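Numbering (the numbering used here), first residue to last: 3 to 84. Here the structure comes first, spelled out in structure tokens, and everything after it is commentary.
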């Protein structure tokens, strides 16, 4: 079932940005919300990103802190905090 959720989320990917602390620019990526507190992020930086960063998702691009809960080759699963 988790695989089905991930496949549905990939089809719902929207523009997003990864924002790192003390870094001068953000990184563009694609993301899909999996409810209020979880998201999938598609990026070629999945293995290089730190465990904690901020995620800004379209349409409002309001940065929210998050932590990585699962890491794949080009997909991250994160928990989002308010």
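Just so you know, even glycine gets a beta-carbon here, dropped at the ideal spot from N, CA and C. These figures come from a predicted structure and were not determined experimentally.
When the alpha-carbon of residue 48 is set against those of 72, 16 and 25, the nearest one is in 72. Within its own chain, the residues whose Cβ lies closer than 7 Å to the Cβ of residue 53, once the five positions on either side in sequence are excluded, are 69 and 70, listed in chain order. In this structure, residue 22 lies away from residue 43, with their beta-carbon atoms at least 8 Å apart.
Following the DSSP letters along the chain, one finds residue 35 inside the beta strand (DSSP E) bounded by residues 29-35.
Note that the C-beta distance between residue 81 and residue 39 is below 8 Å. Within a 10 Å sphere around the beta-carbon of residue 14 sit fewer than 16 other beta-carbons, which makes this residue exposed. When DSSP states are grouped into helix, strand and coil, residue 72 belongs to the strand group.
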